[in-house]
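Q: The structure is given below, and queries will be raised subsequently.
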Amino acid sequence: MPNTCSHLEAITTIKHPKRLECEECVKVGSAWVHLRTCQHCGATLCCDSSPNRHASKHARVSGHPVIASAEPGERWLYCYPDDAFVEY
Ligand SMILES: [Zn+2]
Ligand SMILES: [Zn+2]
Ligand SMILES: [Zn+2]
Numbered sequence: 000m001p002n003t004c005s006h007l008e009a010i011t012t013i014k015h016p017k018r019l020e021c022e023e024c025v026k027v028g029s030a031w032v033h034l035r036t037c038q039h040c041g042a043t044l045c046c047d048s049s050p051n052r053h054a055s056k057h058a059r060v061s062g063h064p065v066i067a068s069a070e071p072g073e074r075w076l077y078c079y080p081d082d083a084f085v086e087y
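Position one of the sequence shown corresponds to residue 0 (numbering that gives the first Met the number 0), numbered consecutively onward.
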C-alpha cells in the first residue's frame with residue numbers, strides 16, 4: 000500500500016493552529032492529549048488518544064480528510080479515509 004493519496008498530494012500550504020487548544024474541548028471543559036489541525040478548514044481539534052477524539056469526529060462528520068499535527072516539533076500530515084501519513 001503506497002503511503003500517498005490524492006488528498007495529501009493536493010496540500011500545497013500547511014495550515015497551522017491559530018491557538019494551541021482543542022476548540023471543542025474548550026467549549027465543554029474537557030482535556031486533550033495531542034492536537035491536530037484540519038487542513039481543509041483550519042479547525043484545531045484533539046487526537047485519537049484524547050477522550051473526545053474531536054479531530055477524527057470532525058473528519059467523519061465534515062468529510063475533511065487531512066489533518067496536520069499541531070504539536071510543536073512535529074511535521075506530518077495524515078489522511079483519515081486513506082490512512083495515509085506523510086512527513087513534510
Ligand atoms: Zn486521502
Ligand atoms: Zn477535543
Ligand atoms: Zn475541517
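For each residue, glycine too, the CB sits at the ideal point set by N, CA and C.
How many whole angstroms separate the CB atoms of His63 and His39, which I take to be in contact at a CB cut-off of 8 Å?
A: Correct: roughly 4 Å between the Cβ atoms.
Q: Look up Ala58 in the DSSP assignment and say whether it is helix, strand or coil.
A: Ala58: helix per DSSP, three-state reduction.
Q: From the DSSP output, which residues share a beta bridge with Val85?
A: Answer by DSSP bridge pairing, in chain order: Leu76.
Q: If we count Cβ pairs, one from each stretch, closer than 8 Å, do we get three or more for the segment 41 to 50 versus the segment 73 to 82?
A: Touching, no.
Q: What span of residues does the beta strand (DSSP E) with Val27 cover, start to end?
A: Not the beta strand (DSSP E): Val27 falls in the alpha helix (DSSP H), residues 22 to 27.
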